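K.L.:
Heads up: the sequence lines are chains A and B, in that order. If you number the first sequence the way this note's numbering does, the last residue is 418 and the count never jumps. If you number the second sequence the way this note's numbering does, the last residue is 1418 and the count never jumps. Beta carbons are placed, not taken as given, at the ideal position from N, Cα and C, and that holds for glycine. All figures in this text were calculated on a predicted structure; none of them were measured in a lab. Structure below; questions to follow.
Number of protein chains: 2
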Amino acid sequence: MSIQEQMIEIARTARDAARQLATVSTVQKNKALAVLASLLRDSKQYLLQENEKDVVAARAQGQSAAFIDRLTMSSKVIDDMAAGIEDVMKLPDPVGEVTRLWRRPNGLLVGRKRIPLGVVAIIYESRPNVTIDAGILCLKSGNAVILRGGKEALHSNRALGTLMQQALEQADIPSTAAQVVPVTDRAAVLALLSLQQYIDVVIPRGGESLIATVYEHSRIPVIAHYKGVCHVFIDASADPSMAATIALNAKVQRPGVCNAMETLLVHEHFAERHLSWLLGQFRAAGVRLKGCECTRKFFPDVDPATEQDWYEEYLDLVLSVKVVGSIDEAIAHIHTYGSQHTDAIVTNSYENAQRFLNEVNSSVVLVNASTRFNDGGQLGLGAEIGISTSKIHAFGPMGLEELTTTKFIVYGNGQIRE
Amino acid sequence: MSIQEQMIEIARTARDAARQLATVSTVQKNKALAVLASLLRDSKQYLLQENEKDVVAARAQGQSAAFIDRLTMSSKVIDDMAAGIEDVMKLPDPVGEVTRLWRRPNGLLVGRKRIPLGVVAIIYESRPNVTIDAGILCLKSGNAVILRGGKEALHSNRALGTLMQQALEQADIPSTAAQVVPVTDRAAVLALLSLQQYIDVVIPRGGESLIATVYEHSRIPVIAHYKGVCHVFIDASADPSMAATIALNAKVQRPGVCNAMETLLVHEHFAERHLSWLLGQFRAAGVRLKGCECTRKFFPDVDPATEQDWYEEYLDLVLSVKVVGSIDEAIAHIHTYGSQHTDAIVTNSYENAQRFLNEVNSSVVLVNASTRFNDGGQLGLGAEIGISTSKIHAFGPMGLEELTTTKFIVYGNGQIRE
């Protein structure tokens, strides 16, 4: 079989499985999840041994420490996977919910009912935890899933895929409902992206180049996370201690993630009184600062920020700082340079809080809270499959509900169109 | 300016307008709509004269009567447009609605708030009514719109665009919130489809080749209507008179539209008693019939249906008929050959009604009602901008709500991530 034929076979059988999975009960899906959690715990030795093959090869290739870290499965990583599965078991099943039901003048009763998307393809880097995370969220939401992870994780992913398929079979669900693509050739990805007759959505998870490749070649709708150029705006009326706590948390608690702050906007009245003190704290926390001209008046020992800095997602202990004359200027800056990901205001002004919430159309907009809360778990969605920065279908963290769509159901008693 | 530069200018100014339009009040948007309705009524002579130029040119090109019909604006067409605008004024504004609001254990109050998509590009054929229909739905839902209609309607569309921009200005909304693309070159479409930094979604409306072109070239998310291979399944327990009424309505009331029935599935027990009588009625209504072998036993004077017929969207007074042994066979047929558009069952069995509603995952699934009800107006959404056959973002008729997305809003009092 050619790679193209292999991918068609995977996608076609996934579609058939999706049809069955769409009507499987929550009890049955939870049974598969419970079995999977047990299998993971009982198969540690096998999983660690398969993962070791990948890790040894990656080391031999000279991959970075961060890469090896993401690739490595330890006994604790496997325990965390199993615990994560048990968390997803507890989440409500979105499938079958009738979100609304209304009566038409002609007597038709019309409703909207949640159904799975169908077949979801996940394209991701060499992170075995994504295989389980994405696999179980798709299963719980009634979707068949095609998992195509990075080639360096193939042994790990195949081992995890085998256990997933065993769990599905033990719960009387077709094992083709979760398939790990066993082909590492890039042609496999390109083949999958052309199968719009079988696959309903593609979710790429990884760096900018992976996402760009998927967008460029996909004939299937793509839901993706682009980048997070997140802002905290400290308004004139902000409580200084709250402002410092939130801004520091947004930058330093985990600087390498998409919901970390990249640019701090400070109202000039706040800056006059507190900027020097505030930036001293960032410096003490090891943050490299880049500032506008006005920032450098208040805190001279700072590199000048260039125009390019305002667009930058540093993902590191680096922060650009700009002093603004008004909330209008802050909102305009966010509109021009932001990525519609996560933006926060710290303020004591009712009016400005409302204006910020209304006028900033990022996926998560916060008043007096850290940008780090843009996360499905933190916002109360349960687990998340990713954060969408496209406004189509889902905007922000995607939980189980975002892995469904709605169909219209109509109860009639003989109605026809006049 | 090159075509590329012209399109960038249109898209960039649309994006700026979208930012302002997102926070414009319902009152102000309704004012623009009211002004537009008046302007249309007051400008009949101008509109008819501009439209006449298009119609004369289309006739000279030898376009079909159906084409000319869709292109032509009469005094009545303009009155209908104005009345349509007044209907949209009465619809509730989806923007700003907070659909849910919940408290997290750390005290954060988290909500989901409806916001416009941003900039919507509509690519359509030579139908001036789409210019107004799509334009007003985008305006009411707070979206800036770029309208690129067929080249044969350019004079008509430009005239309508001028009136729309006058109406926007009179309501203090930037006129670039609704722009008719004045370039008929195909390169203009290709340029627009590459501007993902400015345009949030593309909605093609037209035939299969138009939609295929948009899918192939777009870097922007596409929401489109593919095709409607719609079924009516007459179950063993169906009331014969209701079954005949619904099936005939689904086929003949307006055969050229996407929600007309293309294939009739009949349970063999119903077929034994009533198929000959039923098909006689179709024949009397001028419908050409194609049947499976079993159909031809009950009603011999019918062409044999080929495998290809079951996939066919005739859009005409042609019907394929298949006798099935069970509801399972009917559902399997719909799964294999259908287009997930609209499917109906006529039955008196509670169990089979539930099974059909649960197991058929088409955008609209009906019990004891005609497929012709798959329509935003009929289902109670108010006006519609189209029917999506992709499951992403919207599945089925798209009303004002489907032209929005939700952002998360978070009210805190100093919360940070631990």
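1. Compute the distance between the beta-carbons of I1122 of chain B and L1160 of chain B, then report whether it is under 8 Å.
2. Residues in the same chain with beta-carbon distance under 6 Å from V232 of chain A, minus the five sequence neighbours each way, listed in chain order, please.
3. Alpha carbon to alpha carbon, how far is T389 of chain A from W310 of chain A? Give it in angstroms, no decimals.
4. Pull the bridge partners of Y1124 of chain B from the DSSP assignment, please.
5. Taking 7 Å as the limit between beta carbons, can you name the residues of its chain near Q1166 of chain B, skipping five residues before and five after?
6. Answer yes or no: do A1011 of chain B and G1142 of chain B have a C-beta to C-beta separation smaller than 8 Å?
7. Can you have a look at K53 of chain A and say buried or exposed, based on whether 16 or more other CB atoms are within 10 angstroms of its CB?
8. Given 7 Å as the limit, tell me if Q1170 of chain B has its C-beta closer than that to any heavy atom belonging to the ligand MN.
9. For I1136 of chain B versus Q1028 of chain B, is the C-beta spacing smaller than 8 Å?
10. Are the C-beta atoms of D1200 of chain B and some chain A residue less than 8 Å apart?
11. Please classify P1182 of chain B as buried or exposed, where buried requires at least 16 other C-beta atoms within 10 Å of its C-beta.
12. Hey, how far is the Cα of S218 of chain A from the Cα of A17 of chain A?
13. Considering only the beta carbon of each residue, do V287 of chain A and L319 of chain A sit closer than 8 Å?
14. What are the residues that DSSP puts in a beta bridge with T1405 of chain B?
15. For the beta strand (DSSP E) that S1002 of chain B lies in, which residues bound it at each end?
16. Among the residues of its own chain, which have a CB less than 6 Å from the CB of E294 of chain A, if the five just before and after it don't count?
17. For chain B, is any of its Cβ atoms less than 8 Å away from the one on T13 of chain A?
18. Following the continuous alpha helix (DSSP H) through F1356 of chain B, name the residue where it begins and the one where it ends.
19. In chain B, what lies closer than 7 Å to Y215 of chain A by C-beta?
20. List the residues of chain A whose Cβ lies closer than 9 Å to the Cβ of M1242 of chain B, in chain order.
21. Could you pull out every residue in the same chain whose Cβ sits closer than 6 Å to the Cβ of R1015 of chain B, ignoring the five residues on either side in sequence?
22. Report the neighbours of V1055 of chain B on chain A: residues whose CB is nearer than 8 Å to its CB, in chain order.
23. In three-state terms, what does DSSP make of T1347 of chain B?
24. Can you tell me whether I90 of chain A is buried or exposed? The criterion is at least 16 other CB atoms within 10 Å of its CB, across all chains shown.
25. Can you pull the chain B neighbours of K407 of chain A, defined as C-beta to C-beta under 8 Å?
26. Taking Cβ-Cβ distances shorter than 8 Å, what residues in chain B pair up with K251 of chain A?
27. Alpha carbon to alpha carbon, what distance is there between V145 of chain A and F1373 of chain B?
28. Check the Cβ-Cβ distances between F233 of chain A and every residue of chain B, and say whether any is below 8 Å.
29. Quick one: residues in its chain with C-beta nearer than 6 Å to the C-beta of H225 of chain A, no 5 flanking neighbours on either side, listed in chain order?
30. Between L154 of chain A and L36 of chain A, which are expected to be in contact by the criterion C-beta below 8 Å, what is the C-beta distance as a whole number of angstroms?
31. Cβ of V180 of chain A within 8 Å of Cβ of L193 of chain A?
32. Closer than 8 Å, CB to CB, is F1373 of chain B near chain A or not?
33. Once the 5 residues before and after R1104 of chain B are set aside, which same chain residues still bring their CB inside 7 Å of it?
34. Applying the 10 Å Cβ sphere with the 16-neighbour rule, what's the burial state of Y46 of chain A?
35. Assign Y337 of chain A to one of two classes, buried (16 or more other C-beta atoms within 10 Å of its C-beta) or exposed (fewer than that).
36. Mind checking A1238 of chain B: buried by the 16 CB within 10 Å criterion, or exposed?
P.N.:
On the basis of the data shown:
1. In this structure, I1122 of chain B lies away from L1160 of chain B, with their beta-carbon atoms at least 8 Å apart.
2. Answer for V232 of chain A: A247, A250, M261, L264, A344, listed in chain order.
3. For W310 of chain A and T389 of chain A, the distance between alpha carbons rounds to 18 Å.
4. Answer is B:R1205.
5. Excluding sequence neighbours, Q1166 of chain B sits near L1039.
6. With contacts defined by Cβ atoms closer than 8 Å, A1011 of chain B and G1142 of chain B do not form a contacting pair.
7. Around the beta-carbon of K53 of chain A, fewer than 16 other beta-carbon atoms lie within 10 Å, marking it exposed.
8. Only the bare structure without any ligand can be found here, which leaves the ligand MN out of the picture.
9. At the C-beta level, I1136 of chain B and Q1028 of chain B stay beyond 8 Å of one another.
10. D1200 of chain B counts as touching chain A.
11. If you draw a 10 Å sphere on the C-beta of P1182 of chain B, you find fewer than 16 other C-beta atoms in it, and that means exposed.
12. Roughly 22 Å separates the two Cα atoms.
13. Yes. Within cutoff.
14. DSSP output for T1405 of chain B lists B:I1115 as bridge partner(s).
15. S1002 of chain B: not part of any beta strand (DSSP E); DSSP gives it neither H nor E.
16. Note that residue 294 of chain A corresponds to Cys in the displayed sequence, not to Glu. Only V323 meet the Cβ criterion.
17. The C-beta of T13 of chain A comes no closer than 8 Å to any C-beta of chain B.
18. Boundaries of the alpha helix (DSSP H) harbouring F1356 of chain B: 1350–1359, taken from the DSSP string.
19. Those are R1219, listed as they occur along chain B.
20. Those are N413, G414, listed as they occur along chain A.
21. Within the same chain, and ignoring the five residues on either side of R1015 of chain B in sequence, the residues whose Cβ sits closer than 6 Å to its Cβ are V1119, Y1198.
22. Those do not exist, as V1055 of chain B stays about 30 Å from chain A at its closest Cβ, beyond 8 Å.
23. If DSSP states are grouped into helix, strand and coil, T1347 of chain B belongs with coil.
24. Reading off the sequence shown, one finds Lys at residue 90 of chain A, where the question assumed Ile. Answer is exposed; the Cβ neighbour count stays below 16.
25. The contacting residues are N1361, S1362, S1363, V1364, V1365, F1395, G1396.
26. For K251 of chain A, there are no neighbours in chain B by C-beta distance under 8 Å, as the nearest C-beta there is about 11 Å away.
27. So the two alpha carbons sit approximately 33 Å from each other.
28. It does not; no Cβ of chain B falls within 8 Å.
29. If we look at H225 of chain A and ignore the five residues flanking it on each side, its Cβ neighbours are G386, I387, T389.
30. Taking C-beta atoms under 8 Å as the contact rule, L154 of chain A and L36 of chain A fail to qualify, at a distance of about 20 Å.
31. No, the pair does not count as a contact, with Cβ atoms beyond the cut-off.
32. Interface flag for F1373 of chain B against chain A is set, since a Cβ pair is found closer than 8 Å.
33. A distance below 7 Å between beta-carbons, with the five flanking residues on each side excluded, links R1104 of chain B to the following residues of its chain, in chain order: V1110.
34. Burial call: exposed.
35. Here Y337 of chain A is buried, its C-beta having at least 16 other C-beta atoms within 10 Å.
36. With 16 or more Cβ atoms within 10 Å of its Cβ, A1238 of chain B is classed as buried.
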